[in-house]
Structure formats: structure tokens, C-alpha cells
Amino acid sequence: LIDATSKQSATLDKPKKGSVPLSFYLEELPGGSANAPIPLLIRADMANFDVRRVLVGPGSSVDIMFAHCFRTLQLSEHHLAPYVGSDLQGFNGETTKPWGYVDLIVTFGANETAKSIKVQFLVVDCPSLYQCIMGRTAIVDLLAVPSTAHLKLKYYTNKGQVAT
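Taken in order, the sequence shown gives residues 233 to 396; the numbers are from my numbering.
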């Protein structure tokens, strides 16, 4: 437990020179108010395909690719690394055995805002409205910050600029 009556001072580091703050503004709220029920969806380039309906899920500790997306990208079993672990259990109690892992270069943005990172997806064969789930690992590797309230994902480009 933390003693709320103790008085401690905190010091904040000054921003590094030349760094651009990554922030969200009230003016960026869709419709002027915070979003709650709509999921944050983005698109990204994977295996020379424009993949839409990528769910940004910071609550997920792993990056997930659903089997229908794996097939659409024309990937095959030889692209998979073995999955060694227990079966996954869904909210409905059903279990599924992942197919394995696939490593892909994923590009976010286009032209001067494009940034590519390597993402290791766990491929799962179960129904989903989404193609993939971008979890914490990819979000951190991208140096990105998601805001469900703003329905935006912001990240630093390779040139240190902020992209949406």
C-alpha cells in the first residue's frame, strides 16, 4: 500500500532536444466527443498486400493473424515456425491449437510517413471480423501510441516525425 499522506516530490525529465511530442488533441476527437464502442482499426501492407481491418489491441500480449488472412496473403505451411505451447482458449470456452508463427515485414503509412517493422504473428484458425490483431509487441516496436477515444494510432517515422 502507498501512504497517501507522505509528501514526495517528483522530477520530470526535460524533453530531448529535437524530439517532437507525440500527443492527441481534443480537436482530433471524431465527432467532437470521445469514442468508446468503435474499435481502433488500421490498415497495413503485408507480403505485398494492402491488409485492412487490423485491430489495434494493446491488451493483447501477442500479435495475432487469423487463418483467413494467412491464406489471402498466399502464405503456406513452409512459412510457419512451430508453436510450442498450450492451446488457446476463447471467451466462449472453446480451445484452438495455433498453426504456428509467421514473421512478416509490416509497413504502416505510405510515402514519407511509411515505417516498416518485423512482426511475429501467431496464426490462429478461428472466426474473426478482423484480419489481424496488432498487440503490445508490435505497438512498442513501431514506437506507436494508440488512442481508442480518437480512433487514431500515432507513431514516429524513421525521420523522427509524428505520423497518424
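Think of the CB as a built atom: it goes at the ideal place given N, C-alpha and C, for glycine as much as any other residue.
None of the values given here were measured: they were computed from a predicted structure.
Distance, residue j Cα to residue i Cα
| i | j | result |
| --- | --- | --- |
| Q393 | E326 | 44 Å |
| R275 | L383 | 13 Å |
| W331 | L354 | 8 Å |
| G289 | I296 | 10 Å |
| P269 | I371 | 21 Å |
| D319 | A279 | 27 Å |
| T345 | L374 | 12 Å |
| A342 | K391 | 14 Å |
| T304 | Y333 | 16 Å |
| H310 | D335 | 12 Å |
| Y387 | S265 | 22 Å |
DSSP bridge partner residues for residue i (one or two, in chain order)
| i | result |
| --- | --- |
| K391 | In DSSP, K391 forms no bridge with anything. |
| Q321 | T327 |
Cβ-Cβ separation, residue j to residue i (assumed contact under 8 Å), whole Å
| i | j | result |
| --- | --- | --- |
| Q363 | V316 | With 8 Å as the limit, Q363 and V316 do not qualify as a contact, their Cβ atoms being about 25 Å apart. |
| L254 | V377 | 6 Å |
| L385 | L272 | 7 Å |
| A395 | T389 | 5 Å |
| A299 | D357 | 4 Å |
Classification of residue i by the beta-carbon crowding that lies within 10 angstroms, buried from 16 upward
| i | result |
| --- | --- |
| F323 | exposed |
| V351 | buried |
| A236 | The predicted position of A236 is uncertain, since its pLDDT is 46 and thus under 50; a value taken from the coordinates is nonetheless stated next. Exposed, because fewer than 16 other Cβ atoms sit within 10 Å of the Cβ of A236. |
| G263 | exposed |
Ranges of the alpha helix (DSSP H) found wholly within the segment 323-384, counting only runs of at least 4: Taking only runs of at least 4 residues, the alpha helix (DSSP H) segments lying wholly in the segment 323-384 are 368-373.
message: Please give me, in chain order, every unbroken run of the beta strand (DSSP E) with length at least 3 that falls completely inside the segment 250-300.
response: Counting only runs of 3 or more, we get 273-278, 281-288 and 295-298.
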